[in-house]
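Under the numbering used here, residues 5 to 321 are what the sequence shown spells out, in order.
Even glycine gets a Cβ: it sits at the ideal position worked out from N, Cα and C.
A quick write-up on the structure given underneath.
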Amino acid sequence: MARVISIANQKGGVGKTTTTVNLGASLAASEQRVLIIDSDPQGNATSSLGFPRDPSRRTLYQAMILGEPIERVTIDAQIDRLELIPSDKNLVGAAVELVAMDNREYRLKEIVNRIREKYDYVLIDCPPSLDLLTLNALAASDSVLVPIQCEYFALEGVSELLDTLMRLRRTINPSLSIEGILLTMYDDRTTLSKQVAADLKSFFGSQVFETIIPRNVRLAEAPSHGMPVMFYDIHSKGAESYIQLSKEVIANAQKRVGAGTERTDPGPGAAAAAAAGATSGSSSVGNAGSGSSSGGSAGADAAPDAPVDTDGEPTPG
Ligand code: ATP
Ligand code: MG
Numbered sequence: 005m006a007r008v009i010s011i012a013n014q015k016g017g018v019g020k021t022t023t024t025v026n027l028g029a030s031l032a033a034s035e036q037r038v039l040i041i042d043s044d045p046q047g048n049a050t051s052s053l054g055f056p057r058d059p060s061r062r063t064l065y066q067a068m069i070l071g072e073p074i075e076r077v078t079i080d081a082q083i084d085r086l087e088l089i090p091s092d093k094n095l096v097g098a099a100v101e102l103v104a105m106d107n108r109e110y111r112l113k114e115i116v117n118r119i120r121e122k123y124d125y126v127l128i129d130c131p132p133s134l135d136l137l138t139l140n141a142l143a144a145s146d147s148v149l150v151p152i153q154c155e156y157f158a159l160e161g162v163s164e165l166l167d168t169l170m171r172l173r174r175t176i177n178p179s180l181s182i183e184g185i186l187l188t189m190y191d192d193r194t195t196l197s198k199q200v201a202a203d204l205k206s207f208f209g210s211q212v213f214e215t216i217i218p219r220n221v222r223l224a225e226a227p228s229h230g231m232p233v234m235f236y237d238i239h240s241k242g243a244e245s246y247i248q249l250s251k252e253v254i255a256n257a258q259k260r261v262g263a264g265t266e267r268t269d270p271g272p273g274a275a276a277a278a279a280a281g282a283t284s285g286s287s288s289v290g291n292a293g294s295g296s297s298s299g300g301s302a303g304a305d306a307a308p309d310a311p312v313d314t315d316g317e318p319t320p321g
């Protein structure tokens, strides 16, 4: 039975797609049967896996809106044990058409439940919004993995997302848990990155994955070659970090089986409260600093580094 994980954060450009594709490929390399569902009309997961735009290709749209059999929209991602339900810009229509449909939050869940037996992991790449596509993904999921970029404004929108998760647990998906919060684009040369990482860890505690994804140019280059980073440069820091993340995800799943229960995290409620507290003082995360033990000086300490020089990449590999 597959574990279904949504990769979600309504903030754009935080590493959702990079995480979906590279975690998916790393899990597949660890003998797991993986399905990636591209639920973003931008289709970035689809193109990152080497499928350029093609109007004749069936996508999630046909399955969700037109009710075509899922087998007809699932494609072999040309990597052992990895399959893909692609997306393209027509999926924008789905977000609109769903509004008037019966069972509009559960269309994806119905699809996913029919194919759970075939996979060990189903990863759903969500768009940068909290629209019906994202709600469908979260309704269909066992858990949500939230990538957060280690940058100024890191927490912006996180409390809104966690509020939404809390509401979803009361309504359309009571069993939704947090798979983990993943720190991405970490740059160990900047005080700001270190500070944001430390502060996020102090807010979210054990819900933060131990694996931290570094800013690594290979991760940014691999999509243009249509392949996950581990096939582009296996020795890169980016590839190593996603392999490590896949091990952590598998280990967490084994722990849950061992305990015979879902992970007993305090749930989105506690995290939302923390995030709300974190963002209440001021609206940015410099506000990450305001919640830390350093009593708000962190934001000020970090300030000289900002804005981060995001062009400066660590030496590749
Ligand atoms: P969107 O919200 O638009 O869907 P996203 O959250 O899916 O964006 P990505 O597309 O994964 O974010 O990443 C945004 C950009 O940053 C991409 O160009 C990607 O290649 C690059 N990127 C992601 N993670 C890293 C990283 N760890 N190091 C360097 N570049 C990265
Ligand atoms: Mg994306």
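Task: Closest by C-alpha distance to Val200, when choosing among Cys154, Val221, Gln14 - done: Cys154
Open item on the list: So, for Thr168: in the same chain, excluding its five sequence neighbours on each side, which residues have a beta-carbon less than 7 Å away from its beta-carbon?
Closed with: Leu134
Open item on the list: Which residues does DSSP list as the beta-bridge partners of Gly184?
Closed with: Leu149
Open item on the list: Which residue wins for smallest C-alpha separation from Glu35, given the options Asp84, Gly71, Ala224?
Closed with: Asp84
Task: Minimum C-alpha distance to Gly28 - residue among Leu39, Gly19, Lys20, Tyr65 - done: Leu39
Task: Collapsed DSSP secondary structure at Ile216 in the structure displayed - done: coil
- [ ] With a cut-off of 5 Å, give the chain-ordered residues whose Cβ is closer than this to any heavy atom of ligand 1.
- [x] Gly16, Gly17, Val18, Gly19, Lys20, Thr21, Thr22, Pro132, Met189, Ile217, Arg219, Asn220, Leu223, Ala224
Task: Best match in Thr24, Val116, Pro90, Asp191 for proximity to Tyr246 [C-alpha to C-alpha] - done: Thr24
Open item on the list: Three Cβ pairs or more, each shorter than 8 Å: is that satisfied between the segment 136 to 154 and the segment 169 to 188?
Closed with: yes
- [ ] Output the distance between the C-alpha atoms of Met234 and Ile128, rounded to the nearest integer angstrom.
- [x] 20 Å
Open item on the list: Taking only three categories from DSSP, how would you classify Leu127?
Closed with: strand
Open item on the list: So, at 8 Å on beta carbons, what are the nonlocal neighbours of Tyr190 in its own chain, with the 5 sequence-adjacent residues on each side left out?
Closed with: Cys154, Ser197, Ala201, Ile216, Ile217, Pro218, Arg219
Task: Exposure label - Ser284; buried when at least 16 CB within 10 Å - done: Interpretation of Ser284 is limited by its pLDDT of 33, a score under 50 that renders its predicted location unreliable; the figure taken from the coordinates is listed afterwards. Ser284 is exposed by the Cβ-count criterion.
Open item on the list: Tell me which residue opens and which closes the beta strand (DSSP E) that Val77 is part of.
Closed with: No beta strand (DSSP E) holds Val77; DSSP gives it neither H nor E.
Open item on the list: Going by DSSP in three states, Arg111 sits in which element: helix, strand or coil?
Closed with: helix
Open item on the list: Between the alpha carbons of Ala79 and Ile11, how many angstroms are there, rounded?
Closed with: In the sequence under discussion, the amino acid at residue 79 is Ile, which differs from the Ala named in the question. Looking at the two C-alpha atoms, the distance is approximately 20 Å.
TODO: Measure from the alpha carbon of Gln14 to the alpha carbon of each residue in Asn117, Ser163, Glu252, then state which is nearest.
DONE: Nearest C-alpha to Gln14: Ser163.
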